[in-house]
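Okay, so here's the structure we're looking at.
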Amino acid sequence: MTLDKVSLVYDRLLERYGRQYWWPIVEDNESRYLPEYSNREKTGIEKLEIAIGAILTQNTSWKNAEQTLLELKKKGVLNLESLLCLSHDEIAVLIKKSGYYNQKAKKIKELVGFIQEKLSGRIEQLSMSGSDKARNELLSLWGIGRETADSILLYAYDMPFFVIDAYTRRIFYRTGLIDGDEEYDDLRFYIESSLPKDIAVYKEYHGLLVEHGKIHCRKTPSCRACPLADICVYYESNAM
DNA sequence: CGCCAGGTTGTTG
DNA sequence: CAACAACATGGC
333 MTLDKVSLVY DRLLERYGRQ YWWPIVEDNE SRYLPEYSNR EKTGIEKLEI AIGAILTQNT
393 SWKNAEQTLL ELKKKGVLNL ESLLCLSHDE IAVLIKKSGY YNQKAKKIKE LVGFIQEKLS
453 GRIEQLSMSG SDKARNELLS LWGIGRETAD SILLYAYDMP FFVIDAYTRR IFYRTGLIDG
513 DEEYDDLRFY IESSLPKDIA VYKEYHGLLV EHGKIHCRKT PSCRACPLAD ICVYYESNAM
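Taking the working numbering, I'd label the letters of the first sequence as residues 333 to 572.
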């Protein structure tokens, strides 16, 4: 029954918000959500952009991360070579708008160093590793936690990992699907096992949860016209 | 103006 | 292992 609920929530959100076509690509001063981009295999530079974006948006609004990505692009440094050459301090200045710029500069250096090692050929390519191995390798990097790793693997490498973020936890908690204090991977397994093992569904569902979290299921909920009102145990008819 | 944002790591009891 | 602090800017 809760198994059905995971799918029910998906259907409701899809019906309300429509396809999301995640992950967004920043272009012409805004984020774009394009079916032709979402569906196709990513190029190396696109994978890098997704990974950097995943780091920049850690506990930070996408608006801020988006602006940073745009500036990095305009300055022509959103590529492996540039990021490898730039110093920690130079990167920190460039990404200031995304907050936590010292930590994130370190994380970016870690990541590009890792990718460089992979591409140098001494080590097998990330995409050639098994999915679980690739995940563990990303998790071994300083600054890459579960959500960031899963975002990179799902959206850049088309690997079947469901991304659990703050919105996912909040929405599933309020709709009574979870207790709220589950371990990340326990929650991930639960959701993955409740859904068809379909990359497109994983991508879409996470995008829908974020959209719903921004519009209705905010920290202080805005329940009027919520598409999940009838199945939400925390529905507050008075909440705006 | 205060609250919050698509987390992760390090420290402490 | 759980709780908590630290990290930081910009949008609304």
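Yeah, the Cβ is synthetic: ideal placement off N, Cα and C, and Gly gets one too. If you're wondering where the values come from, they're calculated on a predicted model, not measured in any experiment.
Check	Outcome
For residue 364, the three-state DSSP class (helix, strand or coil)	strand
Three or more C-beta pairs below 8 Å linking the segment 373-382 and the segment 500-516	no
Other residues of its chain near residue 484: CB distance less than 6 Å, five sequence neighbours each side excluded	383, 386
Residue range of the unbroken alpha helix (DSSP H) whose run includes residue 447	433-451
Through-space distance from residue 450 to residue 418, alpha-carbon basis	19 Å
Where residue 359 sits in the DSSP three-state scheme	strand
Best match in 358, 432, 366 for proximity to residue 388 [C-alpha to C-alpha]	432
Inter-residue spacing [alpha-carbon to alpha-carbon] between residue 534 and residue 494	6 Å
Chain-order list of residues whose beta-carbon lies under 8 Å from that of residue 410 (same chain, five-residue window excluded)	377, 380, 381, 384, 401, 404
The ligand GDP heavy atom lying under 7 Å from the CB of residue 355	Absence of the ligand GDP from the depicted structure is noted, as is the absence of any ligand whatsoever, leaving it without description.
Local Cβ density within 10 Å of residue 552, reported as buried at 16 or more and exposed below that	exposed
Spatial neighbours of residue 396 in its chain, beta-carbon cut-off 6 Å, leaving aside the 5 residues before and after	429, 430
Cβ pair residue 466, residue 374 closer than 8 Å	no
Contacting residues, own chain, Cβ-Cβ under 6 Å from residue 369 (five flanking each side not counted)	357
Residues near residue 476 by beta carbon distance below 6 Å, same chain, minus five either side	470
Nonlocal neighbours in the same chain, by C-beta distance under 6 Å from residue 473, ignoring five residues either side	442, 446
Residue 353 versus residue 342 - alpha carbon distance	14 Å
Local Cβ density within 10 Å of residue 420, reported as buried at 16 or more and exposed below that	exposed
Alpha carbon of residue 550 to alpha carbon of residue 536, nearest angstrom	19 Å
Range of the contiguous alpha helix (DSSP H) that encloses residue 390	Element bounds for residue 390: n/a, residue is neither H nor E.
Nearest candidate by alpha-carbon position, reference residue 492, set 524, 468, 338, 499	524
With 16 other Cβ atoms within 10 Å as the buried cut-off, status of residue 436	buried
Closest Cα partner of residue 478 within the set 566, 540, 563, 520	520
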